[in-house]
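In terms of the numbering used here, the sequence shown is residues 249 to 706.
Note that beta-carbon positions come from the ideal geometry of N, C-alpha and C, so glycine has one too.
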Amino acid sequence: MEEDTGVRVDAADVCVGVPGDDERSAEECASPAEATVPCEFLTGPAGCGKTYLWRERIAIDPTQGLLCATTGIAAVNLGTVTLNSTLKFFDTESLRDAYLNGSLVRRMKDIREDYRRIVIDEVSMMDGDQLGILVRGALECNSFLSKHPPLGLTIVGDVCQLPPIKAKWCFESDEWRRFEANTTRLTKIWRQDAGPFLEALNLTRAGNGGGAAELLTADGLEWHSALDIQFNGTTIVSKNDAVSRYNSEALSRILGACFYVESQRWGKQRSEWGQSKRTGEWGIPPRTPLKIGAYVMLLSNSYNDEHDLVFANGDCGWIVDQRPGAVQVKLARNEQVVSVCPIVRDTGTKEKPSGWSGGHGHGEYLPRPHWMPDRKRFVEGQVKYFPMRLAYASTVHRSQGLSLDNVQIDIRDSFYSQPAMAYVSLSRCRTLKGLRIVGQRERFIRNCNIDERVRPWL
């Protein structure tokens, strides 16, 4: 999930294995037996605009692809859907069962009626076995279709970032050769300017903590011994309960009364909007306490009538006012005051549901089943919410893909010794000036690790 402000991808900044935007090229690089599923892999370091590139393609032509995310966090941040909810599976075994009983192939056939590709973002966290099942499902799906091009699969991500949990890497899949043969690498970093900080990030990505620490120190970074509990930015921590405690404590220090922004919902809901049974965390909480002066993160893109970006997903700032239906936020990035209003997400289908009794919809949020003529969609459920959350703390997983102005990282936590955690955390920050590291330089060097299996992708 690479939501970076002002990203532009130039031809000179792209290293291309085979052009990723032309399914015929994908077929030419495969044998005849493999040509029935156009596959591509879009990769590159953090901040290079991978997700931005695909969202631009889809904005120009929505039939280009159905954008999905591998995690609920990424789906909420992107304003899209999880791969699980799109294909109706829970884990690898349930996906395999869906393939064996034919339901996966039927869903893929329905998707191809409207989209040329399934685009899977944050693929580094995907179980490689799932990728193999999806390819086999697409092969069978396309054997029934006369459409050209056939349904394709695009995976997007950086395998040098967050790894899968107790599962194969995507590149360990039996079907990986299809994606490897059609790889596009973005090489220019947009989140950070060229210079010592970017060089240090590249060394951190490669697991070279010593080299990274030397550059950071030479460029003025101080190694702190304790957390700054009044840090003017986001502190990245390891667990959700620590995030809750940190945000709650920070909010309590602000004078004044709380006000609440609430979400509304009805009908069918996507799993990523609700509460996780494993962690208890809400994708979109029913009620969020805030105060004037609170530091918040915005979780959507907003454009003006001229289609200029007003604020971006990941922008942070301070609440300066609350009005009916809007919260005013002063952005940390440029000190502009922007109005944050509720947004609406929905679930539905293009096929009329059995026993349908809904009417026509007018406006974005209508709490009953309805047909939306402009989108040609039967809506079966919606959620309306303010796209913001307290930003005093965040987990590494919640922050992946975001660009932040000020970041505090406590590398004393053993969590940071896990591969890629140090890199993902540091690379959220736009500038060295906005970075605060808690822990000694020697601990950073020890905790700057990489999974050796990803070295070919550096």
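query                                                                                                                         : result
Under 8 angstroms between C-beta atoms of P537 and L503                                                                       : no
Assumed close pair L315, I308 - CB separation to whole angstroms, cut-off 8 angstroms                                         : Not really, about 13 angstroms apart at Cβ, beyond 8 angstroms.
L343: first and last residue of the uninterrupted alpha helix (DSSP H) it sits in                                             : T340 to L348
C-beta contact flag for P444 and D422 at 8 angstroms                                                                          : no
Buried or exposed by the 16-neighbour rule on C-beta atoms within 10 Å, applied to A323                                       : buried
Own chain partners of G292 with C-beta closer than 8 angstroms, once the 5 adjacent residues on each side are dropped         : K298, D406, R433, L434 and T435
Distance cut-off 7 angstroms: V285 Cβ against heavy atoms of the ligand ADP                                                   : This structure lacks the ligand ADP, and indeed carries no ligand of any kind.
Stretch pair the segment 663-672 + the segment 529-549: three plus CB contacts closer than 8 angstroms                        : no
Of the residues I540, R518 and D476, the one placed nearest C506, counting alpha carbons only                                 : I540
Under 8 angstroms between C-beta atoms of R684 and D476                                                                       : yes
At least 3 beta-carbon pairs within less than 8 angstroms: the segment 622-629 vs the segment 588-596                         : yes
Selection from A460, R535, P704 and R623 that minimises the alpha carbon distance to L674                                     : A460
Limits of the unbroken beta strand (DSSP E) element including F626                                                            : R625 to Y633
Burial state of T527 (16 or more Cβ within 10 Å)                                                                              : exposed
Meets three-Cβ-pair contact criterion under 8 angstroms: the segment 650-661 and the segment 676-683                          : yes
Coil, strand or helix - A566 by DSSP                                                                                          : The question names Ala, yet the displayed sequence has Trp at residue 566. Three-state DSSP puts W566 in a strand.
Residue interval of the alpha helix (DSSP H) (run including G573)                                                             : Looking at the DSSP string, G573 is not in any alpha helix (DSSP H), and its letter there is neither H nor E.
Beta-carbon proximity of G400 to R354, cut-off 8 angstroms                                                                    : no
Span of the beta strand (DSSP E), counted from its first residue to its last, around Y543                                     : Y543 to L546
Delimiting residues of the alpha helix (DSSP H) encompassing D489                                                             : N488 to S500
Residues of its chain near R689, where Cβ-Cβ distance is below 6 angstroms and the 5 sequence neighbours each way are ignored : A461 and W471
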